[in-house]
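Novice: To start, I am sharing the structure in question, which I have written as structure tokens.
There are 2 protein chains.
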Amino acid sequence: MFAKRFFSTSPRTLIDKSRFIPKTGFYPRGYKVGAVSSGVKKGNTLDMSMLVSDYPASAAACFTTNKFKAAPVVADKATLDANQGSGIRAIVANSGCANSVTGEGGLEDAYKMISTVDESLGIASKDKNSSLVMSTGVIGQRLPMDKIVSGIAKLAKGDLLGSDHEHWLTCARGIMTTDTFPKLVSKKFSMGGTEYALAGLAKGAGMICPNMATLLGFFVTDAPVEPSALQKILSHAVSKSFNCISVDGDMSTNDTISALANGAAGGELITKSHPDYSILENEVTEFAKQLAQLVVHDGEGSTKFITLRIKDATTYEDAKKVANSISNSPLFKTAMYGEDANWGRILCATGYAGAEVNPAKTNVSFIPTDGTAQLDLLVNGEPQNVDEARASEILRRENLEISIDLGTGGGESCEFWTCDLSHDYVKINGDYRS
Amino acid sequence: MFAKRFFSTSPRTLIDKSRFIPKTGFYPRGYKVGAVSSGVKKGNTLDMSMLVSDYPASAAACFTTNKFKAAPVVADKATLDANQGSGIRAIVANSGCANSVTGEGGLEDAYKMISTVDESLGIASKDKNSSLVMSTGVIGQRLPMDKIVSGIAKLAKGDLLGSDHEHWLTCARGIMTTDTFPKLVSKKFSMGGTEYALAGLAKGAGMICPNMATLLGFFVTDAPVEPSALQKILSHAVSKSFNCISVDGDMSTNDTISALANGAAGGELITKSHPDYSILENEVTEFAKQLAQLVVHDGEGSTKFITLRIKDATTYEDAKKVANSISNSPLFKTAMYGEDANWGRILCATGYAGAEVNPAKTNVSFIPTDGTAQLDLLVNGEPQNVDEARASEILRRENLEISIDLGTGGGESCEFWTCDLSHDYVKINGDYRS
Numbered sequence: 005m006f007a008k009r010f011f012s013t014s015p016r017t018l019i020d021k022s023r024f025i026p027k028t029g030f031y032p033r034g035y036k037v038g039a040v041s042s043g044v045k046k047g048n049t050l051d052m053s054m055l056v057s058d059y060p061a062s063a064a065a066c067f068t069t070n071k072f073k074a075a076p077v078v079a080d081k082a083t084l085d086a087n088q089g090s091g092i093r094a095i096v097a098n099s100g101c102a103n104s105v106t107g108e109g110g111l112e113d114a115y116k117m118i119s120t121v122d123e124s125l126g127i128a129s130k131d132k133n134s135s136l137v138m139s140t141g142v143i144g145q146r147l148p149m150d151k152i153v154s155g156i157a158k159l160a161k162g163d164l165l166g167s168d169h170e171h172w173l174t175c176a177r178g179i180m181t182t183d184t185f186p187k188l189v190s191k192k193f194s195m196g197g198t199e200y201a202l203a204g205l206a207k208g209a210g211m212i213c214p215n216m217a218t219l220l221g222f223f224v225t226d227a228p229v230e231p232s233a234l235q236k237i238l239s240h241a242v243s244k245s246f247n248c249i250s251v252d253g254d255m256s257t258n259d260t261i262s263a264l265a266n267g268a269a270g271g272e273l274i275t276k277s278h279p280d281y282s283i284l285e286n287e288v289t290e291f292a293k294q295l296a297q298l299v300v301h302d303g304e305g306s307t308k309f310i311t312l313r314i315k316d317a318t319t320y321e322d323a324k325k326v327a328n329s330i331s332n333s334p335l336f337k338t339a340m341y342g343e344d345a346n347w348g349r350i351l352c353a354t355g356y357a358g359a360e361v362n363p364a365k366t367n368v369s370f371i372p373t374d375g376t377a378q379l380d381l382l383v384n385g386e387p388q389n390v391d392e393a394r395a396s397e398i399l400r401r402e403n404l405e406i407s408i409d410l411g412t413g414g415g416e417s418c419e420f421w422t423c424d425l426s427h428d429y430v431k432i433n434g435d436y437r438s
Numbered sequence: 005m006f007a008k009r010f011f012s013t014s015p016r017t018l019i020d021k022s023r024f025i026p027k028t029g030f031y032p033r034g035y036k037v038g039a040v041s042s043g044v045k046k047g048n049t050l051d052m053s054m055l056v057s058d059y060p061a062s063a064a065a066c067f068t069t070n071k072f073k074a075a076p077v078v079a080d081k082a083t084l085d086a087n088q089g090s091g092i093r094a095i096v097a098n099s100g101c102a103n104s105v106t107g108e109g110g111l112e113d114a115y116k117m118i119s120t121v122d123e124s125l126g127i128a129s130k131d132k133n134s135s136l137v138m139s140t141g142v143i144g145q146r147l148p149m150d151k152i153v154s155g156i157a158k159l160a161k162g163d164l165l166g167s168d169h170e171h172w173l174t175c176a177r178g179i180m181t182t183d184t185f186p187k188l189v190s191k192k193f194s195m196g197g198t199e200y201a202l203a204g205l206a207k208g209a210g211m212i213c214p215n216m217a218t219l220l221g222f223f224v225t226d227a228p229v230e231p232s233a234l235q236k237i238l239s240h241a242v243s244k245s246f247n248c249i250s251v252d253g254d255m256s257t258n259d260t261i262s263a264l265a266n267g268a269a270g271g272e273l274i275t276k277s278h279p280d281y282s283i284l285e286n287e288v289t290e291f292a293k294q295l296a297q298l299v300v301h302d303g304e305g306s307t308k309f310i311t312l313r314i315k316d317a318t319t320y321e322d323a324k325k326v327a328n329s330i331s332n333s334p335l336f337k338t339a340m341y342g343e344d345a346n347w348g349r350i351l352c353a354t355g356y357a358g359a360e361v362n363p364a365k366t367n368v369s370f371i372p373t374d375g376t377a378q379l380d381l382l383v384n385g386e387p388q389n390v391d392e393a394r395a396s397e398i399l400r401r402e403n404l405e406i407s408i409d410l411g412t413g414g415g416e417s418c419e420f421w422t423c424d425l426s427h428d429y430v431k432i433n434g435d436y437r438s
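Residue numbers (the numbering used here), protein chains in the order written: chain A, 5 to 438; chain B, 5 to 438.
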């Protein structure tokens, strides 16, 4: 069976990803969105997205921890600090060029991009910037500023912006790089008797690793949220979602997930001490998990969506270390691609993760996603006589789930999402720039 | 150009690895070596190697740090402890089954393997084991002990053992798994007016990562060396060689590098305070680097041999962290495979390594291995206008060298060897067990 997979032109094309593209949505009030082809990317491809809030919004962001922070990351951080998270009116993101490791000139470009947005939209204030910018694409090349400036001008005119489902989808398309489908989620929720909406966009298919690799995303809501509460909610949500996914273990210089809350739907201001704070935190977190999972579903060249459940670790950090180690192991990932129940590779990656493990109490099982009985591979450190036919049956599915119980008695656990490593990953990344 | 590579049946077959197999050698006195087909592997393949010393030898070993230590690792460690590193007479290594994560039964198997060697060779002592055992291959399967026992018996009879070059090559072949060529090095050296020899064998092509992944190897010399001096020399040599290579970032449960010194060539006993200690340490270290580099040359599916030179780090550990991070980045490795000068990926992996870096003082260059002028990619944090034709010219070579200067002022550096990530890696590892 592997031979068949290997010699097929592309296993990936066999998987229909269009089911991940929503056909409709519930979108927050007071936002207009859209995208344009600015010319940064070759061809007539959408490569710049804009989101404008009708009202000054509370804003928060989580940025990459890479030591080489891209220019837009540095600029956005400064903007949020200067504004103390208030008064943000727009987000502009371009694909095709990451404006990363571009020296002093690149930082000037990022600030020029911000001021162009502010001026074009008429939201410039004397002493503070009012917009956030994001860039994704090739590292080490300067932004073609003429194209960036004219792209912003085209979007700011307004006729490409709107609040329909199609506008949101277009906005999600404008930030795609090697993504094969736009990543957009939305939902309604109630809080304190008022109905709100949340929308989220993301891009990212390679360079995806805990701590958010080439990942750009933003959440927006029409709920009124105090800036520091929004930051706390976003940080929590990201730690349980975008920091719990890995495609290839590479963490980019540009990762940014930001959030805006413009209060357009009215209701009470959510602060950290408001009784509804935990409702909102929970809504945003579950929502972020959905969006993060879409990124894994579109993992470069991936053919499998794998959920890892690490159990009974000493600490949550240890559980995450193990998940991270397994999900970054090329041997594990290629075995999943080959639908090979070579579970020794799971154990091996568990053992070098640097986490506390009790080998004599460790359990590993495949959990079929169709609800049938789980298949135990290792029970209390003893390998089981595995029914290979049953293992193959489970591994043939697109969605896989693996439980690893570390047996430490600590009781901490984590959920983590990853994908396999295929021929197409090598193909996509061996020739990305051409 | 990439397209041509991609559609060729296997770029790897284009590279002649036979040049890495020595045609002759200088071997230490007092050892007999050989290999047999025991039947652990399918077909009539060599899968068990034996080395016997005519005299009780000092012994040392470096083992995996994986939490799931394979049974032979546990058993060998106990043997060396009980003997305080003296009186070892033989090493037996099998391929095809790693005897790892095999529970209590697997540990009994490892001890049974040791006692079988001791009894068959007539070197059994009442209270101590006199041999070391190693296993490599699939994890989680029990050793077929009948085949192991009869294989040992065949080797112990002696007619398959000898001390010629061909015997040493055969011994190196017996421990191969996905290796495409046997890894054997030998040399003469002088110390205190006496001529000695060193021979080294290793296997390992996948699961190779710092801290020695599925790597089995042993060095033997006819110099007389005190056990604790031998351990110190081996640990130093391994830290600069086998712990400075990475094929895929996976660290196995079985890694073992051991060393024997039987003193058959006479001369003064080398202790830690002997004036010739540093001569021997240096000889073994340079020798270990040679052997470790052979492992990278045979990296699963690899088409490039890459030397990373990390400079001006705060500490040696930081330099190694950066080298490790770059060499384990699938994005870096696929770019090298695609001969794509996408140096942003080098920077990116440097930035998330967790080491001290001064972005504004960081320099990255390609160093052509033909002695022509280096190509600067990043100078003091500023990207250079890279001549792509020149970059392609450099990247077309099989041997690549990259210099990364972290600009911290700390002055620490490290050398590290790795390879690219190709279609063949995915092919080999997606279907290893079949």
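Every residue, glycine too, gets a C-beta built ideally from N, C-alpha and C.
1. Give the residues from the stretch 63-86 of chain A that approach chain B closer than 9 Å (Cβ to any Cβ), ordered along the chain.
2. Given that S104 (chain B) touches chain A, what residues does it touch there, using C-beta distances under 9 Å?
3. Report yes or no: do three or more beta-carbon pairs, one from the stretch 68-76 of chain B and one from the stretch 18-38 of chain B, lie closer than 8 Å?
4. Going along the chain, which residues of its own chain have a beta-carbon closer than 8 Å to the beta-carbon of K325 (chain B), five neighbours each way excluded?
5. Taking DSSP as the reference, what is the three-state secondary structure of K132 (chain B)?
6. Counting pairs of Cβ atoms below 8 Å between the stretch 314-328 of chain B and the stretch 288-295 of chain B, do you hit three or more?
7. Using the beta-carbon count (16 or more within 10 Å), is G303 (chain A) buried or exposed?
8. Beta-carbon within less than 8 Å of Q378 (chain B)'s beta-carbon, same chain only, minus the 5 sequence neighbours each way: which residues are those?
9. Where does A393 (chain B) land, buried or exposed, given buried means 16+ other C-beta within 10 angstroms?
10. Going by other Cβ atoms of all chains shown within 10 Å of its Cβ, with 16 needed for buried, is P279 (chain A) buried or exposed?
11. How close, in whole Å, do the beta carbons of G120 (chain A) and I156 (chain A) come, if the pair is a contact with beta carbons under 8 Å?
12. D113 (chain B): buried (16+ other C-beta within 10 angstroms of its C-beta) or exposed?
13. Would A357 (chain A) pass as an interface residue toward chain B - the criterion being a Cβ-Cβ separation below 9 Å?
14. Determine, using beta carbons only, whether S426 (chain B) comes closer than 9 Å to chain A.
15. If you measure from the beta carbon of K431 (chain B) to each beta carbon in chain A, is any gap under 9 Å?
16. Would you please verify whether the beta carbon of V142 (chain A) is less than 9 Å from any beta carbon of chain B?
17. What does the alpha-carbon distance come out to for the pair P186 (chain A) and A65 (chain B)?
18. I want to verify the contact list: residues of chain A whose CB lies under 8 Å from the CB of L382 (chain B), in sequence order.
19. Please tell me whether K36 (chain A) and S167 (chain A) are closer than 9 Å, where the distance is taken between their beta carbons.
20. Got a sec, what are the start and stop residues for the beta strand (DSSP E) T198 (chain A) sits in?
21. Between which two residues does the beta strand (DSSP E) holding T354 (chain A) run?
22. Helix or strand or just coil, what does DSSP make of G94 (chain B)?
23. Only counting the same chain, and skipping five residues up and downstream in sequence, which positions put a Cβ closer than 8 Å to that of W172 (chain A)?
24. Pull up the distance between the alpha-carbon of D85 (chain A) and that of S417 (chain B), whole angstroms please.
25. Bridge partners for M52 (chain B) per DSSP, in chain order?
26. What whole-angstrom Cβ distance do V430 (chain A) and H427 (chain B) have, given they're in contact under 8 Å?
27. Find the nearest neighbour of D259 (chain B) within the set B:I143, B:T319, B:T289, B:Y281, judged by alpha-carbon distance.
28. Determine the direct distance from the alpha carbon of N346 (chain A) to that of K132 (chain A), and round the result to whole angstroms.
29. What is the DSSP secondary structure of V361 (chain A), counted as helix, strand or coil?
30. Of all Cβ atoms in chain A, is any one closer than 9 Å to the Cβ of S12 (chain B)?
31. Can you check DSSP and say which residues form a bridge with S250 (chain A)?
32. Please say whether N362 (chain B) and L312 (chain B) have beta carbons closer to each other than 9 Å?
33. Within 9 Å (strictly less), CB to CB, does T257 (chain A) reach chain B?
34. Report the residue from A:L219, A:A63, A:A263 whose alpha carbon sits nearest the alpha carbon of F246 (chain A).
35. Checking contacts by CB at 9 Å: is Y115 (chain B) closer than that to chain A?
36. Buried or exposed: which applies to G197 (chain B), given that a residue is buried once 16 or more other Cβ atoms fall within 10 Å of its Cβ?
Specialist: According to the structure data:
1. T68, T69, N70, K71, F72, K73
2. Here residue 104 (chain B) is taken as the residue at index 100 of the second sequence, counted from 1. By Cβ distance, chain A contributes G348, L351, C352.
3. no
4. Locating residue 325 (chain B) in the second sequence gives position 321, where the first residue counts as 1. Taken in chain order, the residues that qualify are A357, G358, A359.
5. In the second sequence, residue 132 (chain B) corresponds to position 128, counting from 1. Coil, per DSSP.
6. no
7. Taking the first residue of the first sequence as position 1, residue 303 (chain A) is located at position 299. By the neighbour-count rule (16 or more Cβ atoms within 10 Å), G303 (chain A) is buried.
8. Within the second sequence, residue 378 (chain B) is the residue found at index 374, counting from 1. Excluding residues within five positions, the ones whose Cβ falls inside 8 Å are S369, F370, I371, P372, S407.
9. Counted from its first residue, the second sequence places residue 393 (chain B) at position 389. By the 10 Å Cβ count, A393 (chain B) comes out exposed.
10. On the first sequence, residue 279 (chain A) is found 275 positions in, with the first residue counted as 1. That one is exposed.
11. For the purposes of this step, residue 120 (chain A) is taken as the residue at position 116 of the first sequence. For the purposes of this step, residue 156 (chain A) is taken as the residue at position 152 of the first sequence. In the sequence under discussion, the amino acid at residue 120 (chain A) is Thr, which differs from the Gly named in the question. The Cβ separation is near 5 Å, so the contact holds.
12. Residue mapping note: residue 113 (chain B) aligns to position 109 of the second sequence, counting from 1. The residue in question, D113 (chain B), is buried, as its Cβ has 16 or more Cβ neighbours within 10 Å.
13. As a working mapping, residue 357 (chain A) is identified with position 353 in the first sequence. So yes, A357 (chain A) belongs to the interface.
14. Position 422 of the second sequence holds residue 426 (chain B). Chain A contact via Cβ: present.
15. Start at 1 with the first residue of the second sequence, and residue 431 (chain B) comes out as number 427. With 9 Å as the cut-off, K431 (chain B) counts as an interface residue toward chain A.
16. As a first step, residue 142 (chain A) is located in the first sequence; it is residue number 138 there, counting from the start. Closer than 9 Å to some Cβ of chain B, the Cβ of V142 (chain A) qualifies, so yes.
17. Position 182 of the first sequence holds residue 186 (chain A). Position 61 of the second sequence holds residue 65 (chain B). Taking the straight line from one Cα to the other gives about 53 Å.
18. Within the second sequence, the letter at position 378 stands for residue 382 (chain B). Residues of chain A passing the Cβ test: V105, G144.
19. For the purposes of this step, residue 36 (chain A) is taken as the residue at position 32 of the first sequence. For the purposes of this step, residue 167 (chain A) is taken as the residue at position 163 of the first sequence. Contact: yes.
20. The residue given as residue 198 (chain A) occupies position 194 in the first sequence. Looking at the DSSP string, the run of the beta strand (DSSP E) that includes T198 (chain A) is 198-207.
21. Taking the first residue of the first sequence as 1, we reach residue 354 (chain A) at position 350. Careful: T354 (chain A) lies outside any beta strand (DSSP E), inside the alpha helix (DSSP H) at 348-355.
22. Within the second sequence, the letter at position 90 stands for residue 94 (chain B). In the sequence under discussion, the amino acid at residue 94 (chain B) is Ala, which differs from the Gly named in the question. Correct three-state label for A94 (chain B): strand.
23. One-based indexing of the first sequence puts residue 172 (chain A) at position 168. Excluding positions up to five away in sequence, the list reads G29, Y31, V37, L188, S190, A203, L205.
24. To locate residue 85 (chain A), count along the first sequence from 1; it is residue 81. To locate residue 417 (chain B), count along the second sequence from 1; it is residue 413. Rounded to whole angstroms, D85 (chain A) to S417 (chain B) spans 37 Å at the Cα level.
25. Numbered from its first residue, the second sequence carries residue 52 (chain B) at position 48. Its beta-bridge partners are B:V40, B:N98.
26. Within the first sequence, the letter at position 426 stands for residue 430 (chain A). Within the second sequence, the letter at position 423 stands for residue 427 (chain B). Rounded, the Cβ-Cβ distance is 5 Å, consistent with contact.
27. In the second sequence, counting from the first residue as 1, residue 259 (chain B) sits at position 255. Ranking the options by Cα distance to D259 (chain B), first place goes to B:I143.
28. On the first sequence, position 128 is the one that residue 132 (chain A) refers to. On the first sequence, position 342 is the one that residue 346 (chain A) refers to. Near 56 Å, if we compare the C-alpha coordinates of N346 (chain A) and K132 (chain A).
29. One-based indexing of the first sequence puts residue 361 (chain A) at position 357. Three-state result, V361 (chain A): coil.
30. For this step, residue 12 (chain B) is matched to residue 8 along the second sequence. Note that S12 (chain B) scores a pLDDT of 33, beneath 50, so its modelled location is shaky; the value from the coordinates is reported in the next line. With 9 Å as the cut-off, S12 (chain B) does not count as an interface residue toward chain A.
31. For the purposes of this step, residue 250 (chain A) is identified with residue 246 of the first sequence, where counting begins at 1. Answer by DSSP bridge pairing, in chain order: A:T422.
32. Numbered from 1 along the second sequence, position 308 holds the residue referred to as residue 312 (chain B). Numbered from 1 along the second sequence, position 358 holds the residue referred to as residue 362 (chain B). No. Outside cutoff.
33. Taking the first residue of the first sequence as position 1, residue 257 (chain A) is located at position 253. So yes, T257 (chain A) belongs to the interface.
34. What you label residue 246 (chain A) is simply residue 242 of the first sequence in a count that begins at 1. Closest option to F246 (chain A), Cα to Cα, is A:L219.
35. Against the second sequence, residue 115 (chain B) aligns to sequence position 111. No, its Cβ sits nowhere closer than 9 Å to a Cβ of chain A.
36. Along the second sequence, one-based indexing puts residue 197 (chain B) at 193. Looking at its Cβ environment, which holds fewer than 16 other Cβ atoms inside 10 Å, G197 (chain B) is exposed.
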